[in-house]
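**Q** One point on numbering: in the UniProt record's numbering, the residue at position 176 of the sequence shown is 176, and numbering is uninterrupted. No residue lacks a Cβ here, since even glycine has one placed at the ideal position from N, Cα and C. None of the values given here were measured: they were computed from a predicted structure.
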Amino acid sequence: MNPLQADQRMSDAEEILGYDFKDPRWLWEALQAAGSPVTRVGTRSLREGNKQLAGLGDRIISVVIVMTSVDDNISIGNTNARIQMCANNERLARLCDAVGLTRCIVRNPSQQGMVSQRTKADTLEAVVGAVFKDGGLDAAEEVIEHLGIIDLLVTLQTPSISHTKSVIKMTLDSVLIRSASGVFA
1 MNPLQADQRM
11 SDAEEILGYD
21 FKDPRWLWEA
31 LQAAGSPVTR
41 VGTRSLREGN
51 KQLAGLGDRI
61 ISVVIVMTSV
71 DDNISIGNTN
81 ARIQMCANNE
91 RLARLCDAVG
101 LTRCIVRNPS
111 QQGMVSQRTK
121 ADTLEAVVGA
131 VFKDGGLDAA
141 EEVIEHLGII
151 DLLVTLQTPS
161 ISHTKSVIKM
171 TLDSVLIRSA
181 SGVFA
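1) Name the one or two DSSP bridge partners that Arg-44 has.
2) If you reduce the DSSP assignment to three classes, tell me which class Val-63 lands in.
3) Using only CA atoms, which one of Gln-32, Gly-100, Gly-113 lies nearest to Asp-53?
4) Beta carbon of Ala-121, beta carbon of Glu-145: below 9 Å?
5) Return the residue from the list Ile-16, Phe-21, Trp-28 that minimises the CA-CA distance to Ile-6.
6) Is Gly-57 buried or exposed, if buried means 16 or more other CB atoms sit within 10 Å of its CB?
7) Could you give the distance in angstroms between the alpha-carbon of Met-67 and the alpha-carbon of Ala-30?
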């Protein structure tokens, strides 16, 4: 891959994430699917592409969901349900497509242009891990929010959060009604 293509992928990814990397090597590593032709970023060897950062990002996403649940006084069972709903691989893969991050992935050439659901989910987790390494937990939390990983509508589906669900739903309905009528407070 020529340097211009690499720069364009990273620029596109930063725009999608709403985050400018201090050390762009973290982002470049996060965009490497397992088996990509890039085997080294700086001094780091990429034997498994972005898998190390994906493992970190997976845990950071869970930590942010748990922190939010503690703040909302949500039970551990419902917190685990939130994690399962917001951070499952199928949903993360769909989100990767929806935000446009899939086009930034440096793919394994043997996959003939196809990107698996697992690779998409890993890449989304890896960019969260990369942001964490580059800017810390607050930066990662902002990117998680920006990407919609912890989605309000998914959270509404969490069982046994009836009071919180009704308050959020009323607020959401109010916003939608104001938006439809063109009235904003």
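**A** Answer, in terms of the structure:
1) Numbered from 1 along the sequence shown, position 44 holds the residue referred to as residue 44. Bridge partners of Arg-44: Val-41.
2) By one-based count along the sequence shown, residue 63 stands at place 63. The answer is helix: DSSP assigns Val-63 an H, G or I state.
3) Locating residue 53 in the sequence shown gives position 53, where the first residue counts as 1. The amino acid occupying residue 53 in the given sequence is Leu; Asp does not appear at that position. It is Gln-32.
4) Position 121 of the sequence shown, counting from 1, holds the residue named residue 121. Position 145 of the sequence shown, counting from 1, holds the residue named residue 145. Against a cut-off of 9 Å, the Cβ pair of Glu-145 and Ala-121 comes out as no contact.
5) Stepping through the sequence shown from its first residue, residue 6 is reached at position 6. Checking the sequence shown, residue 6 turns out to be Ala, not Ile. In terms of Cα proximity to Ala-6, the closest of Ile-16, Phe-21, Trp-28 is Trp-28.
6) Here residue 57 refers to the residue found at position 57 of the sequence shown. It is buried - the Cβ of Gly-57 has at least 16 other Cβ atoms within 10 Å.
7) On the sequence shown, position 67 is the one that residue 67 refers to. On the sequence shown, position 30 is the one that residue 30 refers to. The alpha-carbon atoms of Met-67 and Ala-30 are separated by roughly 24 Å.
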